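Heads up: the sequence shown begins at 304 in my numbering, then just goes up one per residue. Report on one structure; see the data block that follows.
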Amino acid sequence: MKIGAQLYTVRDFCKTPEGLAESLARVAEIGYTTVQVSGTCTYDPEWLNGELKKNGLECVITHISGERIAKEPEIVAREHNAFGCKYVGLGHYAFGDETDAVEKFASLYLPAAKTLKANGKYFMYHNHNGEFRKLGGKLILQSLIELLPAEYMGITFDTYWAQVAGADPAQWLQKLAGRIPCIHLKDCAYGQKMAVIGEGNINFDRVFEKAEAGGTEYMLVEQDDCGGENPFDCLKRSYEYLTACGFH
304 MKIGAQLYTV RDFCKTPEGL AESLARVAEI GYTTVQVSGT CTYDPEWLNG ELKKNGLECV
364 ITHISGERIA KEPEIVAREH NAFGCKYVGL GHYAFGDETD AVEKFASLYL PAAKTLKANG
424 KYFMYHNHNG EFRKLGGKLI LQSLIELLPA EYMGITFDTY WAQVAGADPA QWLQKLAGRI
484 PCIHLKDCAY GQKMAVIGEG NINFDRVFEK AEAGGTEYML VEQDDCGGEN PFDCLKRSYE
544 YLTACGFH
């Protein structure tokens, strides 16, 4: 499994193309070789490809507009081809309280996911803690994986949000085996504080074991809130922890 940086961590530095280019260079300087492009300014796909190559980086997954995924999946696939990215990610969906909320999600995104697959891409959905609440007597995340087959939708599983929801990250990684090519590593400290990997209380030894067994290819470090610290410093400490664990 390869480790990477989720650029959402440094989103405040990526509000312009110049800032995004500089951030890619700084992430590469830390030692990361893969990234997720998310929460940045808009960018030209060919331009992004050049900046990635310049820094020896590979973009393995994105988060982009859900509206674009649903309405123009073929164009989205072509854009991802431009910078060599297979995984097309949706970062969030507001399910609401309707009992048929998951069915509505499936009717909106399953056709798009099928089109993405036909064009060589794979649709990935990123969980927060809300997917661990029940609608109609069943966890939203459970309903999602039942309604949308693994061949069409993967889960960008987020360790922190599972922990906050009271779920066992490792247990869910085992449950999601076969549809977790990319996951988010984010630690959880006392008070539900987001933390540098290894500085919180998540049992990452079990996370690594179940992720690898479940087919994970990329583990992307994400820290939405760095508690006032420089997010690049946080990414660096996470990188040092993960490389000490034997990952690169």
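Just so it is clear, CB atoms sit at the ideal spot from N, CA and C, and this is done for glycine as well. For clarity, every value in this text was computed on a predicted model and none was experimentally measured.
(message) Between the stretch 324-335 and the stretch 392-408, can you find at least three pairs of beta-carbon atoms closer than 8 Å?
(response) no
(request) Run the CB neighbour count on Ser-341, radius 10 Å, all protein chains shown included, and call it buried at 16 or more, exposed below. (result) buried
(message) Excluding the 5 residues flanking Phe-316 on each side, which residues of the same chain have their C-beta closer than 6 Å to its C-beta?
(response) Gly-322, Ser-326
(message) Which residue wins for smallest C-alpha separation from Gln-309, given the options Tyr-346, Lys-424, Ala-331?
(response) Ala-331
(request) Return yes when the Cβ of Val-391 is within less than 9 Å of the Cβ of Ile-372, no when it is not. (result) yes
(request) Using the DSSP secondary-structure output, state which residues sit across from Glu-361 in a beta bridge. (result) Thr-337
(message) Less than 6 Å between C-beta atoms, sequence neighbours within five positions excluded: which residues of the same chain meet that for Ala-468?
(response) Asn-432, Phe-435
(request) Tell me whether Gly-399 sits in a helix, a strand or coil according to DSSP, three-state version. (result) coil
(message) Can you tell me whether Arg-381 is buried or exposed? The criterion is at least 16 other CB atoms within 10 Å of its CB, across all chains shown.
(response) exposed
(request) Under 8 Å by Cβ, that's how I've got Asp-490 and Gly-481 pegged, so tell me the actual separation to the nearest angstrom. (result) Actually they are not in contact, since the Cβ atoms of Asp-490 and Gly-481 sit about 25 Å apart, beyond 8 Å.
(request) May I have the straight-line CA-CA distance separating Glu-406 from Pro-452, to the nearest angstrom? (result) 13 Å
(message) DSSP three-state label for Tyr-311, please.
(response) helix
(message) Less than 7 Å between C-beta atoms, sequence neighbours within five positions excluded: which residues of the same chain meet that for Asn-422?
(response) Glu-377, Ala-380
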